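In my numbering, the protein residues as written are 6 to 479.
Using N, Cα and C, we set each Cβ at its ideal position, and we do this for glycine too.
Quick caveat: nothing in here was measured; it's all calculated off a predicted structure.
These notes are about the structure you will find just below.
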Ligand code: UTP
């Protein structure tokens, strides 16, 4: 029997034979493609997920019992120990100089909310020169390399849909000044979508409805792609994990790295105090001794709004999807084992499919389920996890939606507000409106400055100071 016959039989046996229902109509090429897609599917995993998440034979819902607020390292202005922050910074700088840190961007999402035609990392995000997100990160890496005298490896996780375009973009822009050899791309895994009875959906006669397996899939993709092995060979111990849609993030932050290293942490996270009670961010909590993130949609209202006698929120630590991971931890979780399996989450979606005649169907309401893993679900498996506070204004302004909150406009304004604060601190008079947004357009490249101190230094070193009247791009 041919290999593909065996594969097709296993789909029949699993009750998923419908995947091949147009087999006899397909060309040889289409058959090969369908077989390749089918090989990506772990039928036992799909059966398990159908049981637990789709057919509801196991208890559904997130367990929110026994929650307590998570302890966090506070910023100095909120009572954190200044000496500890200074020591952490030194430790982080040492790790950077020793080449123990690598960067990791998850860029495999579909970016449906933004609706931009192209990989999100290619979105022009800066306020004046319209640099793409990938360039902003590349310049931060170049700036850190200069400062710490090291070369930093950068790993970028793409999806099947955007991989080729992402690589072509980096080639076209000559890797934004980085050595091509230091930038590594790999694709994340995919999961099939199923209908509400657990049947794998087809998107075309020769196309299974496959989609990225969530940012949590990055851990197993790091292992399966060989990325972790590369890091291990290069002596990397700390992976700075960040999302592709947030240009404000300090992707190389010595103090954060230092807290992580000094605690012997396997996974550390950044937090910001919630902006309001029911802000749509995950909450860092302790549950039976383990650090967890409870999504806003799962957090009981009475906990989300609970206050201390003095008025502050009890569950105040919001997650902004910034983490440090140890290489050994990623290997352990990414390889998976009986005791370290990231759960999948169910998302009901409108999934384009075909009818029995093979004609396309664009559903008007959700017609099936996608399975996704979330990276923060790794936290309960991590030893000594540490949560470190940061300032929202300095680190978090993602581009998620085309308009309104977390949109290109708010992100551009937040970048300019931050640059204006650095300039004010250096004694420059930048006109701003009453929300702090400059009334002239300003942009500062990470190659010029990455924070208040480096701005003051670079500005002082400028022999000819540019005029501010009509805006500024440094
Ligand atoms: P989001 O949850 O914002 O999803 O991803 P998205 O796909 O970018 O956008 P929408 O929801 O379709 O509008 C947060 C980060 O995780 C990455 C994204 O690229 C982004 O950096 N991600 C998400 C992946 O790398 N893979 C995934 O499967 C999902």
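{"Item": "Cβ pair count under 8 Å reaching 3, the stretch 271-280 against the stretch 171-179", "Value": "no"}
{"Item": "Rounded distance between the beta-carbons of residue 257 and residue 245, thought under 8 Å", "Value": "6 Å"}
{"Item": "Same chain only: Cβ atoms within 6 Å of residue 205, ignoring 5 sequence neighbours per side", "Value": "21, 24, 197, 199"}
{"Item": "Residue 222, enclosing alpha helix (DSSP H) - first and last residue", "Value": "222-229"}
{"Item": "Buried or exposed by the 16-neighbour rule on C-beta atoms within 10 Å, applied to residue 106", "Value": "buried"}
{"Item": "Simplified DSSP assignment, three categories, for residue 272", "Value": "strand"}
{"Item": "Per-residue burial, residue 167 [other beta carbons within 10 Å of its own, 16 or more giving buried]", "Value": "buried"}
{"Item": "Secondary structure, beta strand (DSSP E): runs of 3+ residues fully inside the stretch 164-204", "Value": "188-192, 195-197"}
{"Item": "Segment contact, 8 Å Cβ cut-off, at least three pairs: the stretch 339-349 with the stretch 220-229", "Value": "yes"}
{"Item": "Beta strand (DSSP E) segments (min. 3 residues) lying fully within the stretch 376-461", "Value": "391-394"}
{"Item": "Residue 309, DSSP secondary structure in three states", "Value": "helix"}
{"Item": "Chain-order list of residues whose beta-carbon lies under 6 Å from that of residue 129 (same chain, five-residue window excluded)", "Value": "135, 137"}
{"Item": "Contact test: residue 5 Cβ vs the ligand UTP heavy atom, cutoff 8 Å", "Value": "The requested residue 5 is not part of the displayed model; the chain covers only 6 to 479."}
{"Item": "Within 5 Å of the ligand UTP: residues by beta-carbon to any heavy atom", "Value": "111, 112, 113, 114, 115, 116, 117, 118, 217, 219, 220, 248, 249"}
{"Item": "Sufficient close CB pairs (3 or more, under 8 Å) joining the stretch 297-313 to the stretch 329-346", "Value": "no"}
{"Item": "Residues of its chain near residue 229, where Cβ-Cβ distance is below 8 Å and the 5 sequence neighbours each way are ignored", "Value": "194, 339"}
{"Item": "Neighbourhood of residue 337 by C-beta, 7 Å cutoff - its chain only, sequence neighbours within 5 removed", "Value": "345"}
{"Item": "C-beta atoms of residue 488 and residue 158 nearer than 9 Å", "Value": "Within the shown structure, residues of the chain are numbered from 6 to 479, placing residue 488 beyond reach of any answer."}
{"Item": "Rounded separation between residue 248 and residue 110 - CA only", "Value": "6 Å"}
{"Item": "Beta-carbon gap between residue 481 and residue 252 smaller than 9 Å", "Value": "In the structure displayed, the chain extends from 6 to 479; residue 481 sits before or after that span and is not available."}
{"Item": "contact_flag[the stretch 356-369, the stretch 206-216] where n(CB pairs < 8 Å) is 3 or more", "Value": "yes"}
{"Item": "One or two residues paired with residue 207 in a DSSP bridge", "Value": "213"}
{"Item": "Sub-9 Å separation of residue 243 and residue 329 beta-carbons", "Value": "yes"}
{"Item": "CB-CB length for residue 69 against residue 305, believed under 8 Å", "Value": "6 Å"}
{"Item": "Beta-carbon proximity of residue 394 to residue 77, cut-off 9 Å", "Value": "yes"}
{"Item": "Three-state secondary structure (DSSP) of residue 158", "Value": "coil"}
{"Item": "Presumed contact (8 Å Cβ cut-off) between residue 318 and residue 282, rounded CB distance", "Value": "7 Å"}
{"Item": "Cβ-based neighbour list, residue 368, same chain, cut-off 6 Å, excluding 5 preceding and 5 following", "Value": "355"}
{"Item": "Counterpart residues of residue 484 in DSSP-defined beta bridges", "Value": "Here the chain comprises residues numbered 6 to 479, so residue 484 is not present and cannot be evaluated."}
{"Item": "Residue 192 versus residue 46: straight-line alpha-carbon distance, rounded", "Value": "15 Å"}
{"Item": "Where residue 361 falls: helix, strand or coil (DSSP)", "Value": "coil"}
{"Item": "C-alpha gap between residue 14 and residue 226, whole angstroms", "Value": "28 Å"}
{"Item": "Boundaries of the alpha helix (DSSP H) in which residue 329 is found, first to last residue", "Value": "Counting along the chain, residue 329 falls outside any alpha helix (DSSP H), though it belongs to the beta strand (DSSP E) covering 322-331."}
{"Item": "Given residue 101 as reference, the closest of 153, 450, 384 once Cα atoms are compared", "Value": "153"}
{"Item": "Residue 121 in three-state terms, based on DSSP", "Value": "coil"}
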